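In the working numbering, the protein residues as written are 280 to 411.
Glycine included, C-beta positions come from ideal geometry on N, C-alpha and C.
As the structure is a computational prediction, the values presented were derived from the model and not from experiment.
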């Protein structure tokens, strides 16, 4: 889901879908929820039609044949698991969206500061060696 479309969903962070739930009441809502879960950069919780809940990070969503691939934490390890899409009744965005709010502009500003800092360090080293 494009970042701009996420602004329509309620959240404690403007524009974030963190702490929201998307019900999967039919094929279209399930596809929307699972596509959004795949685009999300945090953990999600899946409600299944048998009452179970699975918490993990979605790393792949195959619309056809209808499977969600996620990493589920077991102790220190993350175990890949495949869940049939038609068994999912709701998607909860429970984990922090670690990349929310980060943009290209933020990255370039940070990179420029690091470049200036590195140039100053190299100049100090050159002066110390007597090159400047």
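For residue i, which residues from the same chain have a beta carbon less than 6 angstroms from its beta carbon, with the 5 sequence-adjacent residues on both sides left out?
i: residue 393; result: none
i: residue 406; result: none
Going by DSSP, what residue range makes up the alpha helix (DSSP H) through residue i?
i: residue 316; result: 306 to 318
Do residue i and residue j have their C-beta atoms closer together than 8 angstroms?
i: residue 362; j: residue 333; result: yes
i: residue 360; j: residue 370; result: no
i: residue 307; j: residue 337; result: no
i: residue 321; j: residue 297; result: yes
i: residue 411; j: residue 399; result: no
Pull up the CB-CB distance for residue i and residue j, whole angstroms please, since I reckon it's below 8 angstroms.
i: residue 326; j: residue 367; result: 7 angstroms
i: residue 319; j: residue 385; result: Actually they are not in contact, since the Cβ atoms of residue 319 and residue 385 sit about 19 angstroms apart, beyond 8 angstroms.
i: residue 365; j: residue 345; result: 6 angstroms
Can you give me the start and stop residues for the beta strand (DSSP E) that residue i sits inside?
i: residue 299; result: Looking at the DSSP string, residue 299 is not in any beta strand (DSSP E), and its letter there is neither H nor E.
i: residue 349; result: 346 to 353
i: residue 409; result: Residue 409 -> no beta strand (DSSP E), and no H or E assigned at all.
i: residue 369; result: 367 to 371
i: residue 332; result: 332 to 341
i: residue 356; result: 356 to 363
i: residue 324; result: 323 to 327
Leaving aside the five residues before and after residue i along the sequence, list all residues of the same chain whose C-beta is less than 7 angstroms from its C-beta, in chain order.
i: residue 310; result: 342
Can you give me the Cβ contacts of residue i inside the same chain, cut-off strictly under 8 angstroms, excluding the 5 residues immediately before and after it?
i: residue 312; result: 301, 302, 303, 367, 369 and 370
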